[in-house]
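J.: Counted the way mature numbering (1 follows the signal peptide of the UniProt record, and there is no 0) counts, the sequence shown spans residues -18 to -1, 1 to 339.
Built from N, CA and C at the ideal position, the CB exists for glycine as well.
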Amino acid sequence: MKRLLIVGLMLAASFANAQKSPKNIILMIGDGMGYNTVSLRILEANGTSNFERFTHIGSIKTYNSDGGITDSAAGGTAFAIGEKTKDGVVGMDANLQPKTNLMEVAQKNKQATGIVVTCALTHATPASFSAHQPKRKMAEEIANDIINSNIDLLVGGGIKHFTKRKDGRNLFDEAKTKGYNVFTDTTSYFSATPQKAMVLVADEHLKAADKERGNFLPRATMKTIELLRDNKKGFFMMVEGSQIDWAAHGNDANQIKAEMADFDKTIGAVLDFAQKDGNTLVIVLADHDTGGLTLPPTEVNNLSEEYGSYVVKFSTGAHCGTLIPVFAYGPGAEKFQGIYQNSDVFHKIMQLKKWGK
């Protein structure tokens, strides 16, 4: 009887831990990162990849509302609003109706919010979480939405869409009237302690990982976490490895390796924080695969004996309709196992946080 009681208590404790609501959620998107993109990184890292630290892994179906291969706008929007939409649409459903996104839900629940990317903040993925527009190319309209989004920390590129506009407005000046500190270099941001900040460090997109971008993504991510964690209610944050996609569009294996190494390093820093914090859920996924990367055999031994030999090949320069991996760590991570729709990511987060729209 005593043994049964102990087993029962252990099961109850296990169930309670599984149902624990995470205080913080960090959603990390590797744009264009498919299963084989991750495989390439794991092979290259030779046992040191942070992807291997995850124990809860699932897969998502990424097609858009028309049943076709998604772009980053529709893919990002599915995560952000919990509904599939048409390609090119950000923050709206398939009928072009604006929908509440995860940043807005977090704000309603008094949480801090942040976005860190290596592209322009007006680009498709960050725009999916900060704007509501029918066309992803409406960069000036998206920029206007961004300064009105009230997202606490916004880090990336895209200065020209805020200051070199057709309408003559200077959105940096307008952002300052809304309480934002505006930084155009990382040094100033890294040494500051703002509660609200827009950090735009490139006229459009940042440089590629193999072209002097350095440690921007891991450093900017950890600085942003450092600031967001001061909120006693917790925070919701989206981080994007934006340029994996572009490297894959160009079938550039070396750039993919560099971008994935950069993203992997950022994941490692975030996992270290989450492990120490104990109350942070980390979700790593992608909007779609790009390039159709494969790893057929070659006679040249490029790796250790453990992994054998391979060569990188591509089947396309476009997006693919394959399943996409989801990696999760922290309270509620088990909820992201299995195969489900990309739009279900939103609903799983909402359920874990016990949020209502």
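Give the straight-line distance between the Cα atoms of L275 and D155, rounded to the nearest whole angstrom.
T.: Working through the sequence shown from its first residue, we reach residue 275 at position 293. Working through the sequence shown from its first residue, we reach residue 155 at position 173. Cα to Cα, L275 sits roughly 44 Å from D155.
J.: If you draw a straight line from the C-alpha of L135 to the C-alpha of D53, how long is it?
T.: Counting from 1 along the sequence shown, the entry for residue 135 is found at position 153. Counting from 1 along the sequence shown, the entry for residue 53 is found at position 71. Roughly 25 Å between the two C-alpha positions.
J.: Would the beta-carbon of G314 fall within 7 Å of that of N32?
T.: Taking the first residue of the sequence shown as position 1, residue 314 is located at position 332. Taking the first residue of the sequence shown as position 1, residue 32 is located at position 50. Cβ atoms of G314 and N32: not closer than 7 Å.
J.: Quick check on the DSSP output: the beta strand (DSSP E) that includes P307 runs from which residue to which?
T.: To locate residue 307, count along the sequence shown from 1; it is residue 325. Looking at the DSSP string, the run of the beta strand (DSSP E) that includes P307 is 306 to 311.
J.: So what does K295 bridge to, in DSSP terms?
T.: Numbered from 1 along the sequence shown, position 313 holds the residue referred to as residue 295. DSSP, once it has assigned bridges, lists T276 as partnering K295.
J.: Cα-Cα, which of G16, L9, G12, I8 is closest to T304?
T.: The residue you call residue 304 lines up with position 322 of the sequence shown. Closest by alpha carbon: G16.
J.: Per DSSP, what are the beta-bridge partners of V181 in this structure?
T.: Residue mapping note: residue 181 aligns to position 199 of the sequence shown, counting from 1. DSSP lists V137, F165 as partners of V181.
J.: Between D246 and the rest of its own chain, which residues show a CB-CB distance below 8 Å, the 5 nearest in sequence each way excluded?
T.: To locate residue 246, count along the sequence shown from 1; it is residue 264. These residues qualify, in order along the chain: R23, A27, S31, N32, F33.
J.: Measure the alpha-carbon distance for L78 versus T280 and round it to whole angstroms.
T.: Within the sequence shown, residue 78 is the residue found at index 96, counting from 1. Within the sequence shown, residue 280 is the residue found at index 298, counting from 1. One C-alpha to the other measures close to 48 Å.
J.: In chain order, what residues of the same chain lie with their CB nearer than 7 Å to the CB of K317, ignoring the 5 residues before and after it?
T.: Residue numbering aside, residue 317 sits at position 335 when the sequence shown is read from its first letter. Excluding sequence neighbours, K317 sits near K330, L334.
J.: Taking Cβ to Cβ, would you say T59 is nearer than 7 Å to G73?
T.: Position 77 of the sequence shown, counting from 1, holds the residue named residue 59. Position 91 of the sequence shown, counting from 1, holds the residue named residue 73. Cβ atoms of T59 and G73: closer than 7 Å.
J.: Across the region 141 to 154 and the region 212 to 232, are there enough close Cβ pairs to call them in contact, namely three or more that are closer than 8 Å?
T.: No, they do not touch.
J.: Rounded to the nearest angstrom, what separates N46 and P116 at their Cα positions?
T.: Here residue 46 corresponds to residue number 64 of the sequence shown, with the count starting at 1. Here residue 116 corresponds to residue number 134 of the sequence shown, with the count starting at 1. Going by the C-alpha atoms only, they are around 15 Å apart.
J.: Can you look up P108 in the DSSP assignment and give me helix, strand or coil?
T.: Within the sequence shown, residue 108 is the residue found at index 126, counting from 1. It is helical.
J.: Spatial neighbours of L188 within its chain, please: CB distance less than 6 Å, with the 5 preceding and 5 following residues excluded, ordered by chain position.
T.: If you number the sequence shown from 1, residue 188 lands on position 206. Result list for L188: T100, G139, R195, in chain order.
J.: To which residues of the same chain is A(-7) closer than 7 Å at the C-beta, ignoring the five residues directly before and after it?
T.: Locating residue -7 in the sequence shown gives position 12, where the first residue counts as 1. Residue placement at A(-7) is poorly supported in this model, since its pLDDT is 44, which falls under 50; the coordinates are not used for a value here.
J.: Quick one: Cα of I129 to Cα of G320, how far?
T.: On the sequence shown, position 147 is the one that residue 129 refers to. On the sequence shown, position 338 is the one that residue 320 refers to. Roughly 37 Å separates the two Cα atoms.
J.: Please name the residue or residues paired with M220 in a DSSP beta bridge.
T.: Position 238 of the sequence shown, counting from 1, holds the residue named residue 220. Looking at the DSSP assignment, M220 forms a beta bridge with L9, I97.
J.: Please tell me whether N163 and A184 are closer than 7 Å, where the distance is taken between their beta carbons.
T.: Translated into the one-based positions of the sequence shown, residue 163 becomes position 181. Translated into the one-based positions of the sequence shown, residue 184 becomes position 202. No, these two residues do not count as a Cβ contact at 7 Å.
J.: Going by DSSP, what residue range makes up the beta strand (DSSP E) through V266?
T.: Indexing the sequence shown from 1 puts residue 266 at position 284. Per DSSP, V266 belongs to the beta strand (DSSP E) from 262 to 267.
J.: Since T248 contacts T203 with CB under 8 Å, what's their CB separation in whole angstroms?
T.: Here residue 248 corresponds to residue number 266 of the sequence shown, with the count starting at 1. Here residue 203 corresponds to residue number 221 of the sequence shown, with the count starting at 1. That pair is a contact at about 5 Å.
J.: Hey, how far is the Cα of P278 from the Cα of T298?
T.: Start at 1 with the first residue of the sequence shown, and residue 278 comes out as number 296. Start at 1 with the first residue of the sequence shown, and residue 298 comes out as number 316. Going by the C-alpha atoms only, they are around 15 Å apart.
J.: Which residues share a DSSP beta bridge with G320?
T.: For the purposes of this step, residue 320 is taken as the residue at position 338 of the sequence shown. DSSP, once it has assigned bridges, lists G40 as partnering G320.
J.: Confirm, please, whether the CB-CB distance from D227 to D69 is below 7 Å.
T.: Here residue 69 refers to the residue found at position 87 of the sequence shown. Here residue 227 refers to the residue found at position 245 of the sequence shown. No, these two residues do not count as a Cβ contact at 7 Å.
J.: Which residues does DSSP list as the beta-bridge partners of A102?
T.: To locate residue 102, count along the sequence shown from 1; it is residue 120. Per DSSP, G139.
J.: Could you have a look at D271 and say whether DSSP puts it in helix, strand or coil?
T.: The residue given as residue 271 occupies position 289 in the sequence shown. Residue state, collapsed to three classes: strand.
J.: With distances taken from CA atoms, which of S131, K119, V252 is nearest N83?
T.: By 1-based counting over the sequence shown, the position of residue 83 is 101. When each option's Cα is compared against that of N83, the closest is S131.
J.: So what does DSSP say about Q89, is it helix, strand or coil?
T.: Counted from its first residue, the sequence shown places residue 89 at position 107. If DSSP states are grouped into helix, strand and coil, Q89 belongs with the helices.
J.: Alpha carbon to alpha carbon, how far is I133 from G161? Give it in angstroms, no decimals.
T.: Position 179 of the sequence shown, counted from the start, is the residue given in the question as residue 161. Position 151 of the sequence shown, counted from the start, is the residue given in the question as residue 133. Using only the alpha carbons, I get a separation of about 11 Å.
J.: How would you label G64, buried or exposed, when you count the other beta carbons within 10 angstroms and need 16 or more for buried?
T.: Numbered from 1 along the sequence shown, position 82 holds the residue referred to as residue 64. Under this definition G64 is a buried residue.
J.: Since V98 and V221 should fall inside the 8 Å C-beta cutoff, what is the C-beta to C-beta distance between them, to a whole number of angstroms?
T.: If you number the sequence shown from 1, residue 98 lands on position 116. If you number the sequence shown from 1, residue 221 lands on position 239. The pair is a contact, with the Cβ atoms about 5 Å apart (cut-off 8 Å).
J.: Which whole-angstrom value describes the C-beta separation of G57 and D271, a residue pair presumed to lie in contact below a C-beta threshold of 8 Å?
T.: Walking along the sequence shown from the start, residue 57 turns up at place 75. Walking along the sequence shown from the start, residue 271 turns up at place 289. Actually they do not touch by this definition, with Cβ atoms about 10 Å apart.
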